[in-house]
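Visitor: Quick note: to get my numbering, add 23 to the position in the sequence shown (first position is 1).
Glycine included, C-beta positions come from ideal geometry on N, C-alpha and C.
Have a look at this one before I ask anything.
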Amino acid sequence: MQNRISQSYELAALRMFDVAEATWDVHDLSDGILKGARAEFPVEPVRTLDALHLSTAMEFYEAFGELTMLSFDERVRVNASALGMALSPMPARIAAQARNWFDWDIRIVDVQLSSCPQRSTSIRFPNVRAN
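Here you go:
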């Protein structure tokens with residue numbers, strides 16, 4: 024199969040994911056996040072999980088006033104930028120590969136607060152757990 028990675032790359036990616044995940048604070052879906060996800064976004068259409076991720080990021084952005092969004096999903100990036108968030112740069116090589124990677128329906132959005140750069144937050148759903 025053309026879009027498959029080797030087992031050694033998969034294991035390396037899972038190890039990197041585990042290291043990154045150890046620095047995340049995972050948050051529950053609050054009523055505020057759900058309400059925000061139902062709102063209109065600057066660039067529509069927005070898919071359900073993307074809306075949840077953007078709404079979560081907006082909650083942090085409003086609370087801390089500054090935040091950098093890391094996402095490989097162009098819809099999330101465009102909306103985050105339109106909402107005033109800074110975007111983490113994405114190398115062109117990664118951007119090209121991301122189009123294939125995200126044919127899968129797995130989304131990881133990593134939000135880094137400038138006031139606490141060693142910590143980040145992510146919203147994760149049970150069926151997305153990589154173990």
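Compute the distance between the beta-carbons of L93 and S78, then report whether it is under 8 Å.
Guide: Residue numbering aside, residue 93 sits at position 70 when the sequence shown is read from its first letter. Residue numbering aside, residue 78 sits at position 55 when the sequence shown is read from its first letter. No. Outside cutoff.
Visitor: Give the secondary structure of D73 by DSSP, where H, G and I count as helix, E and B as strand, and everything else as coil.
Guide: Taking the first residue of the sequence shown as position 1, residue 73 is located at position 50. In the structure shown, D73 sits in a helix (DSSP, three-state: H, G or I).
Visitor: Need the endpoints of the alpha helix (DSSP H) that S104 sits in, please.
Guide: What you label residue 104 is simply residue 81 of the sequence shown in a count that begins at 1. Segment 97-105, the alpha helix (DSSP H) holding S104.
Visitor: Just to confirm my understanding: we take V101, look at its own chain, exclude 5 residues before and 5 after, and list those with CB closer than 7 Å. What are they?
Guide: One-based indexing of the sequence shown puts residue 101 at position 78. Only V66 meet the Cβ criterion.
Visitor: What are the start and end residues of the alpha helix (DSSP H) that includes E44?
Guide: By one-based count along the sequence shown, residue 44 stands at place 21. Per DSSP, E44 belongs to the alpha helix (DSSP H) from 30-44.
Visitor: Grab me the residues of S31's own chain with a C-beta within less than 8 Å of its C-beta, minus the 5 sequence neighbours each way, in chain order.
Guide: If you number the sequence shown from 1, residue 31 lands on position 8. Excluding positions up to five away in sequence, the list is empty.
Visitor: In the structure shown, what three-state DSSP assignment does E85 receive?
Guide: For this step, residue 85 is matched to residue 62 along the sequence shown. Three-state DSSP puts E85 in a helix.
Visitor: Answer with buried or exposed for V42, where buried requires no fewer than 16 other C-beta atoms within 10 angstroms of its C-beta.
Guide: Position 19 of the sequence shown, counted from the first residue, corresponds to residue 42. Per the 10 Å Cβ criterion, exposed.
Visitor: Give me the residue from M108, E33, I28, V99 with the minimum Cα distance to T71.
Guide: Residue mapping note: residue 71 aligns to position 48 of the sequence shown, counting from 1. Comparing Cα positions, the closest option is V99.
Visitor: Between the alpha carbons of V49 and E33, how many angstroms are there, rounded?
Guide: For the purposes of this step, residue 49 is taken as the residue at position 26 of the sequence shown. For the purposes of this step, residue 33 is taken as the residue at position 10 of the sequence shown. In a straight line, the C-alpha of V49 is about 23 Å away from that of E33.
Visitor: Excluding the 5 residues preceding and the 5 following T144 in the sequence, name in chain order all residues of the same chain whose CB lies nearer than 7 Å to its CB.
Guide: Reading the sequence shown from its first residue, position 121 is the one you call residue 144. Here T144 scores only 49 on pLDDT, less than 50, and its place in the model is too uncertain to base an answer on.
Visitor: If distances are taken between C-alpha atoms only, which option among E97, M113, A80 comes closest to I56?
Guide: Here residue 56 refers to the residue found at position 33 when the sequence shown is read from its first residue. Comparing Cα-Cα distances from I56 to each of E97, M113, A80, the minimum goes to A80.
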